[in-house]
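All residue numbers for the sequence shown refer to my numbering, where the first residue is 743 and numbers rise by one.
Read through the structure below, which is laid out as structure tokens, and then see the notes.
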Amino acid sequence: MTTPNWTTAFPPPRATVPSLTGGEVMKMFDDMDITPSMRGFLLVDVRSWLGGRIGWAGIKMVIFYCGSSNGRGPRCANWMQDYIDDIAKFGMKSTLEVRILKGGIKGWVREFQGSLMEGFEEGVWDLGG
743 MTTPNWTTAF PPPRATVPSL TGGEVMKMFD DMDITPSMRG FLLVDVRSWL GGRIGWAGIK
803 MVIFYCGSSN GRGPRCANWM QDYIDDIAKF GMKSTLEVRI LKGGIKGWVR EFQGSLMEGF
863 EEGVWDLGG
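Written as structure tokens, this is what we have:
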């Protein structure tokens with residue numbers, strides 16, 4: 743017996759959220775070290791945390807990711823943007839920006855070898871390229 747994919751219970755997203763490279767997100771982390779203000783973004787991991795996850799949180803930007811950012815990450819980011827767009831129709835404007843981490847956690851591990859990840863387990867990741 744096949745279990746249906748959970749995503750079939752929801753409508754497809756209407757929005758298409760832009761992506762950020764791992765380098766762009768790492769620069770955002772680096773910039774935090776020289777500014778006294780709170781972090782202005784939140785990374786949202788929509789996969790299981792097997793092998794670790796990228797830590798930290800904030801408020802001005804939400805960055806979604808999953809394994810490769812080809813499925814759950816973009817879908818959830820686009821649903822979030824749909825919600826922001828929907829509430830704006832009722833006068834509830836939001837300055838929250840929504841983005842997708844290009845390459846997902848796998849791309850992050852390849853590019854940054856687990857830097858800033860909580861619970862990073864090198865043996866879980868194929869870092870061979």
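The beta-carbon is built from N, C-alpha and C at its ideal position, and this holds for glycine as well.
First and last residue of the alpha helix (DSSP H) that includes E766? 764 to 774 is the span of the alpha helix (DSSP H), which, as asked, contains E766.
Considering V851, what are the terminal residues of the alpha helix (DSSP H) in which it resides? In the DSSP assignment, V851 falls within the unbroken alpha helix (DSSP H) covering 846 to 854.
Could you tell me which of G849, E864, L843 sits nearest to V759, measuring between CA atoms? Closest by alpha carbon: L843.
Three-way DSSP call (helix, strand, coil) for E864 in this model: When DSSP states are grouped into helix, strand and coil, E864 belongs to the helix group.
Between the region 747 to 755 and the region 810 to 827, do at least 3 Cβ pairs fall closer than 8 Å? Touching, yes, given that three or more Cβ pairs across the two stretches are closer than 8 Å.
Any non-hydrogen atom of the ligand SAH within 6 Å of A757 CB: For the ligand SAH, the structure offers nothing, since it holds no ligand at all.
Around the Cβ of S811, are there at least 16 other Cβ atoms within 10 angstroms (buried) or fewer (exposed)? The residue is buried, with at least 16 neighbouring Cβ atoms inside 10 Å.
Reduced DSSP category for M803 - H, G, I as helix; E, B as strand; rest coil: Looking at M803 - three-state DSSP - the assignment turns out to be strand.
Once DSSP output is grouped into helix, strand and coil, what is the label at M822? Judged by DSSP in its simplified three-state form, M822 adopts helix.
Within the chosen definition, does the region 765 to 776 reach the region 822 to 840 through at least 3 CB pairs nearer than 8 Å? As far as the Cβ criterion goes, the region 765 to 776 does not touch the region 822 to 840, which means the pair count is below three.
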